[in-house]
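Every letter in the sequence shown is one number past the one before it in the numbering used here, and letter 49, counting from 1, is 49. Have a look at the structure below, then the notes.
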Amino acid sequence: MTRILHLTDLHFGFHRAALEAPLLARISALRPDLVVIGGDITHRAMPTQMRQARAFLDRIEAPLICMPGNHDVPAWNLVARMFWPFAGFRAHFGPDLAPVGRAGDVRVMALNSTDPYAWQRGRIREGEIGRLIGNIDPMGTNIVALHHPLQQLPRVDKAPARRASEALYRLEASGVQVVLSGHLHRWAVDALLETGRHPRVLQVQTGTALCARVTDGQNEFVMLEIDGADLRLERHVAPMDQDGFGPPEIAGYSRASGVWRRV
Numbered sequence: 001m002t003r004i005l006h007l008t009d010l011h012f013g014f015h016r017a018a019l020e021a022p023l024l025a026r027i028s029a030l031r032p033d034l035v036v037i038g039g040d041i042t043h044r045a046m047p048t049q050m051r052q053a054r055a056f057l058d059r060i061e062a063p064l065i066c067m068p069g070n071h072d073v074p075a076w077n078l079v080a081r082m083f084w085p086f087a088g089f090r091a092h093f094g095p096d097l098a099p100v101g102r103a104g105d106v107r108v109m110a111l112n113s114t115d116p117y118a119w120q121r122g123r124i125r126e127g128e129i130g131r132l133i134g135n136i137d138p139m140g141t142n143i144v145a146l147h148h149p150l151q152q153l154p155r156v157d158k159a160p161a162r163r164a165s166e167a168l169y170r171l172e173a174s175g176v177q178v179v180l181s182g183h184l185h186r187w188a189v190d191a192l193l194e195t196g197r198h199p200r201v202l203q204v205q206t207g208t209a210l211c212a213r214v215t216d217g218q219n220e221f222v223m224l225e226i227d228g229a230d231l232r233l234e235r236h237v238a239p240m241d242q243d244g245f246g247p248p249e250i251a252g253y254s255r256a257s258g259v260w261r262r263v
């Protein structure tokens, strides 16, 4: 059993500070093998926000990998945004914008989908899909993690990342079994699976872990427990009107038949 924890959209600088300690306590109790930080770590990519976020991440007692989101590039310094958009991110969260993590027979490959020349819309860069395909482990479970979703439900009013559809089709064909994303501050797993468009990829779109935007209604993160072809999701939710996380919502999935089904 391999335990992968997905934590995204922390938005330090506009976050629920009172939820930091309960979140760290819950992560510690879960004892993940790897923590995946899915972007929008800060709210406006300010140095103070990056230092605050780094101090929080340093308290997580598990290996972790980070990738940027659209909020992690300078918002107001247009020169920095154009010429060195990821300098602050690299200084605080690591030089690699698309790291690879491994836990047991699970490989997690990050993809940097952030476009500094767009306010929020992501893009998949030339060569990135091929890089991911080249890193696939044919004997294990392959997870791709990025900030922007590769498929969106009709209710979403944001433009999808450029080349998202191409990326999803090619990754599915090459053997990627799970895609982790954030950005939308909305949970989606079953509704995506029910579209029937990509039955061999379980897409887990996780809501915001710490953002204080009241209209989000809640904060959350997810733990994936992977055991061969079986996967168990634990969704941990903290409503805006509560100071901590309630008991997890649990769902099971299997790809033993060749496609993902809820069990």
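C-beta atoms are modelled at their ideal positions from N, C-alpha and C, and glycine is treated no differently.
Reduced DSSP category for residue i - H, G, I as helix; E, B as strand; rest coil
i, result
"glutamine 203", "strand"
"threonine 215", "helix"
"isoleucine 60", "coil"
"alanine 53", "helix"
"alanine 209", "coil"
"isoleucine 136", "coil"
"leucine 193", "helix"
"phenylalanine 14", "coil"
"asparagine 70", "helix"
Continuous beta strand (DSSP E) stretch holding residue i: start and end
i, result
"methionine 46", "First-last for methionine 46: undefined, no H or E at that position."
"glycine 38", "Run containing glycine 38: none; DSSP gives neither H nor E here."
Where the alpha helix (DSSP H) containing residue i begins and where it ends
i, result
"glycine 127", "From DSSP, glycine 127 is part of no alpha helix (DSSP H); its letter is neither H nor E."
"leucine 5", "Here leucine 5 belongs to no alpha helix (DSSP H); instead the beta strand (DSSP E) covers 2 to 7."
"glycine 252", "No alpha helix (DSSP H) contains glycine 252, which is instead part of the beta strand (DSSP E) from 249 to 254."
"serine 174", "164 to 174"
CA-to-CA distance, residue j to residue i, given in whole angstroms
i, j, result
"alanine 188", "valine 156", "11 Å"
"alanine 25", "phenylalanine 86", "30 Å"
"leucine 171", "leucine 231", "19 Å"
"serine 254", "proline 47", "43 Å"
"methionine 240", "threonine 208", "12 Å"
"arginine 59", "glycine 88", "20 Å"
"leucine 193", "isoleucine 226", "18 Å"
"alanine 29", "alanine 53", "21 Å"
"leucine 168", "glycine 122", "14 Å"
"alanine 159", "valine 201", "21 Å"
"phenylalanine 14", "valine 214", "11 Å"
"serine 113", "glutamate 234", "26 Å"
Proximity winner among the options, relative to residue i (alpha-carbon distances)
i, options, result
"glycine 175", "Ala229, Glu225, Gly196, Gly182", "Ala229"
"arginine 3", "Phe93, Gly104, Thr42", "Gly104"
"asparagine 70", "Thr8, Gln205, Gly244", "Thr8"
"glutamine 151", "Glu128, Gly196, His6, Val222", "Gly196"
"tryptophan 84", "Asp115, Thr141, Ala62", "Asp115"
Considering only residues of the stretch 90 to 118, which uninterrupted beta strand (DSSP E) runs meet the minimum length of 3 residues and lie entirely inside it, listed in chain order?
If we require 3 residues or more, the beta strand (DSSP E) runs fully inside the stretch 90 to 118 come out as 100 to 103, 106 to 111.
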